Amino acid sequence: MGFEGAMPEISLSINGAPVTGTVEGRTLLVEFIRETMKLTGTHTGCDTSQCGACTVHLDGKAVKSCTMLAVQADGAEVTTIEGLAPEGEMNPMQQAFNDHHGLQCGFCTPGMVMRAMALVADNPDPTEAEVRHGLEGNICRCTGYQNIVAAVLDGAKALRG
Amino acid sequence: MSNVKIGESLRRVEDLRFLTGHGRYIDDINLDGQARAVVVRSPYAHATINSIDTSSVADMDGVLLVVTRDDWQREGFKPMPTKSGVKNNKDGTPLSQPDRHALAIDRVRYVGEPVALVVAETLQQAQDAAEALDVDYDELDAVTDPVKALAPGAPQLWDDIPNNLCLDFELGDKDGTEKAFAEADHVVSLDVLNNRVTAVPIEPRGCIASYDASEDKYTLYNASQNVHANRDTFAEVLNIDPAKLDHIAPDVGGGFGAKNSGYPEPPLCLYAAKRLGRPVKWINSRSESFLSDTHGRGQSSRVELALKADGTFMGLRTTTIGGIGAYAWTVGPFTPTGGSARTQGGPYNFPAMYYSGKAVLTNTAPMDPYRGAGRPEATFQTERIVEYAARKLGFDPIELRRKNLMPKEMLPHKTPMGLDVDSGDFPKLFEMTMDMVAKADQAALKAKAEAAGKKYGFAIAPYLECTGGGPKEHAGVTFNKDGSVELAVGTSSTGMGHETSLAQILAAALGIEMGRVKFQQSDTTATPLGGGHGGSRGMEVGGNAVKQAADEIIELAKPIAARLLQSETEEVDFEDGTFKAGASSVSMNDVIEASQDADKLPEGMEPGCLNHSSVFERGIISIPNGVHAAAVAVDTDTGTVEFLGYWVMDDFGTIINPMLADGQVMGGVAQGIGQAFLEDIVYDPDTGQLVTGSLMDYGLPHADEIPNMEIGYYEGEPTKKNPLGVKGAGEAGCVGACPAVVNAVLDALKDDGVTHIDMPLTPQKVWKAIRDKGAHDPKALLGDAA
Ligand code: FES
Ligand code: FES
Chain A
1 MGFEGAMPEI
11 SLSINGAPVT
21 GTVEGRTLLV
31 EFIRETMKLT
41 GTHTGCDTSQ
51 CGACTVHLDG
61 KAVKSCTMLA
71 VQADGAEVTT
81 IEGLAPEGEM
91 NPMQQAFNDH
101 HGLQCGFCTP
111 GMVMRAMALV
121 ADNPDPTEAE
131 VRHGLEGNIC
141 RCTGYQNIVA
151 AVLDGAKALR
161 G
Chain B
1 MSNVKIGESL
11 RRVEDLRFLT
21 GHGRYIDDIN
31 LDGQARAVVV
41 RSPYAHATIN
51 SIDTSSVADM
61 DGVLLVVTRD
71 DWQREGFKPM
81 PTKSGVKNNK
91 DGTPLSQPDR
101 HALAIDRVRY
111 VGEPVALVVA
121 ETLQQAQDAA
131 EALDVDYDEL
141 DAVTDPVKAL
151 APGAPQLWDD
161 IPNNLCLDFE
171 LGDKDGTEKA
181 FAEADHVVSL
191 DVLNNRVTAV
201 PIEPRGCIAS
211 YDASEDKYTL
221 YNASQNVHAN
231 RDTFAEVLNI
241 DPAKLDHIAP
251 DVGGGFGAKN
261 SGYPEPPLCL
271 YAAKRLGRPV
281 KWINSRSESF
291 LSDTHGRGQS
301 SRVELALKAD
311 GTFMGLRTTT
321 IGGIGAYAWT
331 VGPFTPTGGS
341 ARTQGGPYNF
351 PAMYYSGKAV
361 LTNTAPMDPY
371 RGAGRPEATF
381 QTERIVEYAA
391 RKLGFDPIEL
401 RRKNLMPKEM
411 LPHKTPMGLD
421 VDSGDFPKLF
431 EMTMDMVAKA
441 DQAALKAKAE
451 AAGKKYGFAI
461 APYLECTGGG
471 PKEHAGVTFN
481 KDGSVELAVG
491 TSSTGMGHET
501 SLAQILAAAL
511 GIEMGRVKFQ
521 QSDTTATPLG
531 GGHGGSRGME
541 VGGNAVKQAA
551 DEIIELAKPI
561 AARLLQSETE
571 EVDFEDGTFK
581 AGASSVSMND
591 VIEASQDADK
601 LPEGMEPGCL
611 NHSSVFERGI
621 ISIPNGVHAA
631 AVAVDTDTGT
641 VEFLGYWVMD
651 DFGTIINPML
661 ADGQVMGGVA
671 QGIGQAFLED
681 IVYDPDTGQL
691 VTGSLMDYGL
701 PHADEIPNME
711 IGYYEGEPTK
721 KNPLGVKGAG
731 EAGCVGACPA
741 VVNAVLDALK
751 DDGVTHIDMP
761 LTPQKVWKAI
771 RDKGAHDPKA
781 LLGDAA
């Protein structure tokens with residue numbers, strides 16, 4: 001409420017395209033992505049920064065977009081799930097999730113995939129334990145994780161080439 | 001030639017849109033001109049509502065409408081009825097059902113109960129107004145524990161429901177069981193808590209309602225698992241013709257039972273949409289979800305086992321007190337009564353059984369099905385008392401189970417709980433599981449645990465399941481000129497992959513390409529009836545509806561094939577996508593194409609004549625069964641538990657798609673492990689406030705808390721209760737998991753004297769049990785109430 005009246009303008013890149021928008025001070029990055037940019041692949045599953053469904057990349061790092069204000073992303077490069085592969089295609093990590101049945105309802109999935117991409121960018125050849133640990137900030141209620149972990153290991157391998 | 005087969009692990013066709021961010025969930029939908037709604041919820045567990053002053057927010061920015069009890073009463077809207085499968089008390093009188101209105105009328109009876117709906121131009125404006133709405137309450141004493149709620153002197157939720165007792169139920173042979181106990185060499189008794197938990201689908205609930213005045217028609221997009229039943233409930237509440245309400249579920253982000261019920265928010269939004277003449281969107285926050293989603297389990301039970309000196313089971317008696325929240329929800333009263341009675345005793349041979357269950361009203365959130373709804377409770381009760389008896393009486397827990405399993409020759413068998421067990425081979429599954437475990441080498445696992453200074457524990461838990469949910473399902477097939485085949489069913493996938501598995505059944509039966517099938521579900525305009533999701537019915541009822549429709553289409557197609565083959569209909573056979581008459585043959589694809597062409601059709605048949613709908617009706621519920629086993633290492637200094645192995649053998653009858661079945665088992669096991677170690681809905685007993693009201697307080701399992709599972713299927717005993725021979729797979733995972741892991745931990749602590757710990761087995765509770773050297777009152781929960 002303290003930001004009332006202030007409507008900062010922000011410029012950033014989303015999925016490689018430059019974007020300019022006016023936001024309220026209290027607008028969260030996830031709201032900007034979903035409502036202003038109409039990129040609804042980024043989901044909101046909680047209000048306490050626990051579930052990770054809202055995970056996107058900000059300058060190459062995985063962040064929970066419900067946990068930052070849109071104004072904080074001013075000048076940044078943001079990648080969302082829609083930006084991983086050309087329309088209608090999947091990148092090797094997405095393909096690995098499909099191959100290993102690493103998703104059921106799909107609601108946690110964009111966040112999981114974004115987290116997984118960041119994880120393997122940091123650690124291209126992770127162990128199973130490292131993957132399980134690395135996914136700690138993302139909750140999946142459907143899969144029991146086993147197939148997600150298998151998918152991330154396989155996706156990492158495919159991305160290593 | 002058939003492209004796909006039943007039993008093949010086809011990759012999911014729905015994955016592409018989910019993996020690329022193109023799923024369409026409720027919050028992704030926005031309608032032109034929509035307003036936003038926020039529910040004003042009760043801050044008290046029990047209070048009289050003196051007044052609601054809507055003038056306090058009427059002038060706030062953007063506020064369009066505040067719906068209160070005055071509107072509800074003026075409009076004469078009806079309460080939402082319970083559809084509990086058990087309707088009568090054991091004395092034959094009907095269960096006590098308080099009026100459950102979408103808004104509290106005289107009193108609020110749980111924290112989070114809807115008191116008003118505020119609608120504004122934007123979400124923020126609606127939130128601000130909801131916070132500002134002036135509601136005057138007089139707080140009353142509350143009771144949250146069902147055992148306490150039954151006791152004399154407890155706060156009474158309803159003036160006309162004595163002792164808060166909604167439903168008093170019994171099943172089985174009381175006298176015969178008493179006799180078995182009197183004649184037994186050993187009797188053991190233990191109070192067992194099945195802790196209260198909630199489903200937490202990662203997508204919160206939400207809906208968008210709109211109203212078209214020109215046609216007097218409503219449309220409701222809703223994250224629902226059960227659009228047909230919910231439509232009927234909402235129409236009943238609002239006094240409208242169900243045909244005037246189109247109810248559609250878009251992609252739904254998980255359900256597990258929590259999106260099954262007739263909730264208050266959709267009828268509130270439908271009413272608001274009509275009043276305002278514009279669409280109204282409402283999305284629950286996660287914190288509100290903890291307050292207002294249905295909860296599950298929450299049973300306190302005394303379980304008693306009678307045995308002969310040699311360990312042969314003679315009788316089982318279970319007395320359960322289950323909370324159901326402040327109202328009798330959609331099927332809430334059923335779970336602690338009939339729902340938990342049916343699979344008592346598991347796959348063991350019990351000559352006598354008796355179950356009594358009380359469904360009790362408390363000042364807590366609604367209780368309705370959560371994955372398994374009664375069967376996880378029954379299995380946990382049975383398996384805990386078996387393990388406890390083994391420990392108390394000095395039997396080997398594995399041998400005691402092996403000895404008492406129903407032999408294959410006993411089947412078909414009607415259990416003393418009335419369950420029709422038609423097929424299965426329990427001893428075989430038990431040994432198959434032990435073989436899986438043997439390959440993992442228990443001695444090596446034990447050595448590994450001990451090398452790390454931990455204690456090793458192992459347990460095996462056979463389970464008996466049964467399906468449930470709506471017995472009827474509709475499948476409609478439409479062949480389009482562009483070659484696509486529309487399949488519309490009334491089942492509801494909230495992640496289980498029906499878009500793949502049901503299309504797989506159709507494609508395999510007809511011998512057509514999977515890629516041609518366009519799948520539609522959860523839409524009351526697409527199918528005249530539907531049972532949604534629940535009770536592991538997707539493949540059992542939905543799959544068989546598709547199979548039946550396909551078989552009937554094949555018969556419809558034979559005259560066309562006969563004409564193409566210049567033969568007689570009676571001479572045409574169909575196999576593997578091909579119609580044959582003598583030496584000549586024609587593919588289903590060609591016959592489908594011909595069915596669109598008047599010139600190629602026999603006399604009397606019209607283009608489109610293969611379009612066909614079918615309704616399958618389940619006769620008797622199916623009996624999935626299986627065995628779980630777990631190996632753990634317990635750190636006795638910290639009370640933490642590590643998994644060393646997890647094994648599952650399931651008899652789900654015919655498996656349609658093993659990859660999808662695995663997914664169901666894995667997800668179910670994870671939910672069981674979550675309940676066993678982390679998850680717990682806790683209310684403050686004095687104030688009735690929800691203590692675990694966010695993901696910070698309610699522990700959901702993470703990737704590093706769930707083990708890899710080795711899963712096998714036994715398909716040698718498909719059921720004859722349905723044409724596909726499927727028994728249902730959706731809930732079994734969380735039926736077997738809790739007893740396997742809890743008993744494994746207790747096995748690890750046997751030298752510490754620990755015989756029982758109530759779930760969740762948090763490190764603190766495990767540590768304390770070790771420090772207390774197992775001191776435990778087996779009558780801790782029910783005392784003398786049983
Ligand atoms: S929405 Fe749950 S962590 Fe962001
Ligand atoms: S796939 Fe449903 S929450 Fe992960």
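First to last, the sequence lines map onto chains A and B.
Mapping of the first sequence onto my numbering: residues 1 to 161, in sequence order.
Mapping of the second sequence onto my numbering: residues 1 to 786, in sequence order.
Glycine is no exception: its CB is placed at the ideal position from the N, C-alpha and C atoms.
All figures in this text were calculated on a predicted structure; none of them were measured in a lab.
Here G699 (chain B) is near L678 (chain B), since their CB atoms are less than 9 angstroms apart. For M659 (chain B), there is no enclosing beta strand (DSSP E); the residue is found in the alpha helix (DSSP H) stretching over P658 to F677. Between the alpha carbons of A184 (chain B) and P416 (chain B) lies a gap of roughly 18 angstroms.
Within chain B, no C-beta atom comes nearer than 9 angstroms to that of A118 (chain A); the closest sits roughly 15 angstroms away. When beta bridges are read from the DSSP output, A475 (chain B) appears opposite B:V489 and B:S614. For A508 (chain B), the enclosing alpha helix (DSSP H) stretches over residues H498 to L510. Per DSSP, S51 (chain B) is not a residue of any alpha helix (DSSP H); the beta strand (DSSP E) it occupies stretches across A47 to D53.
Excluding its 5 nearest sequence neighbours in each direction, N138 (chain A) has C-beta neighbours in its own chain below 8 angstroms: C51, G52, A53, T55, C108, G111, M112 and R115, listed in chain order. Excluding five sequence positions before and after G357 (chain B), the CB atoms of its chain that fall closer than 7 angstroms to its own CB belong to F169, T320, G322, P336, T337, S340 and A341, given in chain order. Between the alpha carbons of A47 (chain B) and H101 (chain B) lies a gap of roughly 16 angstroms. DSSP lists B:V632 as the beta-bridge partner residues of F643 (chain B). With 16 or more other CB atoms across the displayed protein chains lying within 10 angstroms of its CB, R391 (chain B) is buried. When DSSP reads this structure, R41 (chain B) sits in a beta bridge with B:P114.
Between ligand 2 and the CB of Q225 (chain B), the shortest heavy atom gap is not smaller than 8 angstroms.
For A62 (chain A) against A118 (chain A), the beta-carbon gap comes to about 4 angstroms, under 8 angstroms, which counts as contact. For ligand 1, a non-hydrogen atom lies closer than 8 angstroms to the CB of T67 (chain A).
Within the DSSP secondary-structure output, L65 (chain B) pairs in a beta bridge with B:V119. For T320 (chain B), the CB stays at least 8 angstroms from every heavy atom of ligand 1. With distances taken between CA atoms, K5 (chain B) lies nearest to B:M514 out of B:K472, B:F430 and B:M514. Under the 9 angstroms criterion on CB atoms, L69 (chain A) is classed as non-interfacial with respect to chain B.
Here P86 (chain A) is exposed: its Cβ has fewer than 16 other Cβ atoms, across all protein chains shown, within 10 Å. For G774 (chain B), the CB contacts under 7 angstroms within the same chain, skipping 5 residues up- and downstream, are D752, G753, V754 and T755 in chain order. Under the Cβ distance rule, V131 (chain A) counts among the residues neighbouring chain B, one pair being separated by less than 9 angstroms. The criterion of a C-beta distance shorter than 9 angstroms is not satisfied by N230 (chain B) and N239 (chain B). When B:D246, B:A142, B:P279 and B:K148 are compared, the shortest CA-CA separation from I29 (chain B) is found for B:P279. Under the 9 angstroms criterion on CB atoms, E136 (chain A) is classed as interfacial with respect to chain B. Ranked by Cα distance from A104 (chain B), the options B:W158, B:K259 and B:I49 are led by B:I49.
Taken in chain order, the unbroken stretches of alpha helix (DSSP H) that lie wholly in the segment 145 to 194 of chain B and span 4 residues or more are 146 to 150 and 174 to 183. Counting only runs of 3 or more residues that sit fully inside the segment 212 to 296 of chain B, the beta strand (DSSP E) segments are 217 to 222, 245 to 248 and 280 to 283, in chain order. In the DSSP assignment, E717 (chain B) falls outside any beta strand (DSSP E) and carries neither an H nor an E. Distance from V115 (chain B) to Y271 (chain B) at the Cβ level is roughly 15 angstroms; contact not present, criterion being Cβ atoms closer than 8 angstroms. As the crow flies, the alpha-carbon of G155 (chain A) is around 28 angstroms from that of G672 (chain B). Not a single CB atom of chain B sits nearer than 9 angstroms to the CB of T79 (chain A). Distances from the CB of K87 (chain B) to the heavy atoms of ligand 1 are all 8 angstroms or more. With fewer than 16 neighbouring CB atoms inside 10 Å of its own CB, M696 (chain B) falls in the exposed class.
Excluding the 5 residues flanking it on each side, G83 (chain A) has same chain C-beta neighbours closer than 8 angstroms at I14, N15 and G16, in chain order.
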